[in-house]
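Read the structure below first, then the notes.
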Amino acid sequence: KQEVTQIPAALSVPEGENLVLNCSFTDSAIYNLQWFRQDPGKGLTSLLLIQSSQREQTSGRLNASLDKSSGRSTLYIAASQPGDSATYLCAVKNNAGNMLTFGGGTRLMVKP
Amino acid sequence: DAGVIQSPRHEVTEMGQEVTLRCKPISGHNSLFWYRQTMMRGLELLIYFNNNVPIDDSGMPEDRFSAKMPNASFSTLKIQPSEPRDSAVYFCASSLLSGSNTQYFGPGTRLTVL
C-alpha cells in the first residue's frame, strides 16, 4: 500500500527566503506526482504535475523535482512571499489505478 | 467553466439524521472522486467513479456511507444515519481519464454532526 510522507509538517520563514518542501513515497511504481496548494477553508489547487518519466517541472517561482527510484520529490519555492502562505500537499498516482494518495501536507507561513 | 461545484458549503445536523452532499463535476470530465479531510487523518479517498461507474469504494468507512452518480454531471454522497465522528470537510474532485489526469477540486462541504 502506498504511503506518502511530508516533512516538515509546518514551516515558518521570513519573506524573501528560498525554501524546500519534501515529499517521500514508499512505492516507486508511480504514474505521476502532483503538488497542490490549499488555502484555509478552501479546496485544493493543483500547482505542478510531474509524470513518472520526468525529473522536474517549473511554474514561475515554483520548481518540483522527482526522484522515482529513491521515492522522493521536492517543491522549491524561490523568493517566498506572504501570499505563498498555505498548506502544500503532494499526492501520488500509482500505475495501478486512478486514485491519488496524499501526504499529510506542510503548513507554510511566510512572514512579512 | 465554473469548476467543480459542491453543495451545500456548510451543513450542521444532529446525530442520526440523514445527510446528502452534492457534486457537479467539470463538464467533460469522466472521473469523479469523493474525499474526506480531517485534522487527524488528513485527506482520504472515499470512492471514485469512471464514466459514472463506481470503481473503488474501499475507502468508504462503513455501510452508513453511500455514493451515487446517476449521470455524468451529478453525484451524491449520503450518510445515513450520521454520527459526530463523521464531522469533516468533504471534497469532490473531477478529472479526465486520459492525459495528465490532473484532479480539480471543489470548495468542499464542511459537515458538523452534533
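Respectively, the protein sequence lines represent chains A and B.
Offset between the first sequence (1-based) and this note's numbering: plus 25.
Residue 94 in this note's numbering sits at position 113 of the second sequence, with consecutive numbering throughout.
All residues carry an ideal CB built from backbone N, CA and C; glycine is no exception.
By the criterion of a C-beta distance shorter than 7 angstroms, B/Phe86 is surrounded in its chain by Val(-15), Phe72, Ala74, once the five residues flanking it on both sides are discounted. Scanning chain B for C-beta atoms nearer than 7 angstroms to the C-beta of A/Phe127 yields Gly23, Leu24, reported in chain order. DSSP, read as helix, strand or coil, puts B/Gly23 in strand.
Legend: CB atoms of the segment 58 to 69 of chain A lying less than 9 angstroms from CB atoms of chain B belong to residues Gln59, Phe61, Gln63, Gly66, Lys67, Gly68, Leu69.
Inclusion of A/Ser98 and A/Ala89 in the CB contact set at 8 angstroms is warranted, their separation being smaller than that value. About 19 angstroms separates the CB atoms of A/Thr131 and A/Gln27; that is not less than 8 angstroms, and the two are not in contact. Here B/Pro65 is exposed. Its C-beta has fewer than 16 other C-beta atoms within 10 Å.
Residues of the segment 61 to 83 of chain B with a Cβ closer than 8 angstroms to any Cβ of chain A, in chain order: Phe72, Ala74, Ser76, Leu78, Ser81, Asn82, Thr83. In this structure, the straight-line span from the alpha carbon of A/Glu40 to that of A/Ser110 is close to 10 angstroms. Among the CB atoms of chain A, none fall inside 8 angstroms of the CB of B/Ser(-12). By a beta-carbon distance limit of 8 angstroms, B/Pro6 contacts B/Ser54. Their separation comes to about 7 angstroms.
For A/Ala89, the enclosing beta strand (DSSP E) starts and ends at 87 to 92.
For A/Met134, there are no neighbours in chain B by C-beta distance under 9 angstroms, as the nearest C-beta there is about 17 angstroms away. A/Leu91 is outside the set of residues whose beta carbon lies under 8 angstroms from a beta carbon in chain B.
Scanning A/Val38, A/Ser95, A/Pro65 for the CA closest to the CA of A/Ser53 turns up A/Ser95. The Cβ of A/Lys118 sits closer than 8 angstroms to at least one Cβ of chain B.
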